[in-house]
Amino acid sequence: MKNNIPLSTIRSFKANQEVRAYLLLKEKHLRLTRDGKPYLDVILTDRSGTIIGKIWEHAGEIEPMIETGAPVGVRAIVEEYRGNRQLNIKRIVPVNEEDFSSKGFSWELVLPQSEKNSEKLWRFIEKSIDKLNNPHLIALLKLLIIDNRSKIVKHPASLRLHHATMGGFLEHMVYMLNLGIHAAKQYKLDQELVITGILLHDIGKLDELSGYPNNLYTDEGNFLGHVVMGYNMVDKAITAIPEFPSDLALKLKHILLSHQGEYENQSPKKPVFPEALLIHYLDELDARMDMMKTAINQELDDGDWTSVKNYFRVPLFKSQKDMNELPEKYNETNTEKKS
Ligand SMILES: [Fe+2]
Ligand SMILES: [Fe+2]
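Each number in this note's numbering comes from the position in the sequence shown (counting from 1) with 1288 added on.
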């Protein structure tokens, strides 16, 4: 790649500018123009956002050289098309760490990453588990959460919808946990069940999504989905724990099966007790808040309002403040032992 243009990131791309960047190839589709000429339609991401690109020349030869889920080096002109920015790609090359780290490439540039400190978030999870009294729940969380630490801290919470970042899964759990601990007290609910239910509600996603760099649905994910996969993981772990109380097992399994709330959201059950209802709404709330933050942050245009092309289908007001700032003392949240 030509080096005379400085490297930049998607968020800083301006219309009519020539740019050079390391990006992750999310999708590639070889299509035909109306005149029957092949061109490549690509979706590219980096840690700052997502952008569509077109490759008009030599598309047929380039297509097999670039791999979905792998990083690429791109030189392109930023164009405006129907109110959105897209790249007219002049050059695209496959990139590997060995050859390109001396040319400014690093994985941190291309993978969307949670802005939160994963060590701190993990400590919050450990602290919450430490406060539990029920030995069966502690044993269950050891098997499914503590023993999966290395995977959990890097995993995304979804493909695209919410917390689709490295560490997004962990962030989603901690944000729900922080709210859930307070809400459990306020509504006088079983705090231990709420903590355990939140930590396990999406556990199936560890196997439903492949994780980065490509972050795609696995075959099992496509066939079964995280609700069923999570249920199976919890069921298997409970069986391995001697004398796990059957009523507690049923409640936990119900939380997994009902957390998506509605049948049309692939939830086989609707919540039937308060802890399950709370977890459903916290899940919904945290996902929506992240989606709104992302929709606002990813908007490249200037001005006070975003376009309507977002999940909420209305122009969103671009507030200056980062609405998803973690509470200062989140790692000291009250997770008092129940007497
Ligand atoms: Fe879920
Ligand atoms: Fe969730």
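Even glycine gets a Cβ: it sits at the ideal position worked out from N, Cα and C.
Candidates the options: closest to residue i by CA position
| i | options | result |
| --- | --- | --- |
| K1557 | L1573, K1539, D1507 | K1539 |
| S1438 | F1412, E1407, E1315 | E1407 |
| T1297 | E1351, T1356, L1328, V1366 | V1366 |
| E1496 | V1516, P1603, S1389 | V1516 |
| D1323 | W1344, G1337, V1398 | W1344 |
| Y1475 | F1561, T1356, V1381 | F1561 |
Proximity test, residue i beta-carbon vs ligand 4 heavy atom, cut-off 7 angstroms
| i | result |
| --- | --- |
| A1452 | Although ligand 4 was asked about, the structure shown includes only ligand 1 and ligand 2 as ligands. |
DSSP-derived helix/strand/coil call for residue i
| i | result |
| --- | --- |
| D1507 | helix |
| P1348 | The question names Pro, but residue 1348 in the sequence shown is Gly. In this structure, G1348 counts as helix in the three-state DSSP scheme. |
| M1611 | In this prediction, M1611 scores a pLDDT of 46, lower than 50, which makes its location untrustworthy; the coordinate-derived value is nonetheless stated afterwards. DSSP places M1611 in coil when its eight states are reduced to three. |
| F1605 | strand |
| I1343 | strand |
| N1384 | coil |
| R1308 | strand |
| K1524 | helix |
| A1358 | coil |
| G1337 | strand |
| N1585 | helix |
Cβ-heavy atom distance, residue i to ligand 1, below 7 angstroms
| i | result |
| --- | --- |
| H1470 | no |
| D1578 | no |
| H1489 | yes |
| H1514 | yes |
Residue i: CB within 7 angstroms of a non-hydrogen atom of ligand 2
| i | result |
| --- | --- |
| A1445 | yes |
| H1460 | yes |
Close beta carbons around residue i, own chain, < 8 angstroms, minus the five adjacent residues each side
| i | result |
| --- | --- |
| S1627 | The predicted model places S1627 with a pLDDT of 36, which falls under 50 and marks its position as unreliable; any figure quoted below should be read in that light. No residues qualify anywhere along the chain. |
| E1593 | In the sequence on display, residue 1593 carries Trp and not Glu. Excluding residues within five positions, the ones whose Cβ falls inside 8 angstroms are P1603, L1604, F1605, K1606. |
Chain-order list of residues whose beta-carbon lies under 6 angstroms from that of residue i (same chain, five-residue window excluded)
| i | result |
| --- | --- |
| F1393 | Y1310, V1383 |
| I1417 | L1429 |
Proximal residues to residue i (C-beta, below 7 angstroms), its chain only, five neighbours per side dropped
| i | result |
| --- | --- |
| N1292 | none |
Min CB distance residue i to chain B below 8 angstroms
| i | result |
| --- | --- |
| L1420 | The displayed structure is made up of one protein chain only, and chain B is not part of it. |
Cβ pair count under 8 angstroms reaching 3, the region 1436-1446 against the region 1457-1475: yes
Inter-stretch contact at 8 angstroms, needing at least 3 Cβ pairs: the region 1573-1589 / the region 1459-1477: yes
Between the region 1544-1556 and the region 1565-1572, do at least 3 Cβ pairs fall closer than 8 angstroms? yes
Should the region 1357-1365 be regarded as contacting the region 1296-1310, the criterion being three or more beta carbon pairs within less than 8 angstroms? yes
Cβ contact check for the region 1385-1403 and the region 1483-1494: 3 or more pairs under 8 angstroms: no
Would you check if the region 1329-1339 and the region 1370-1381 touch, i.e. whether three or more CB-CB distances between them fall below 8 angstroms? yes
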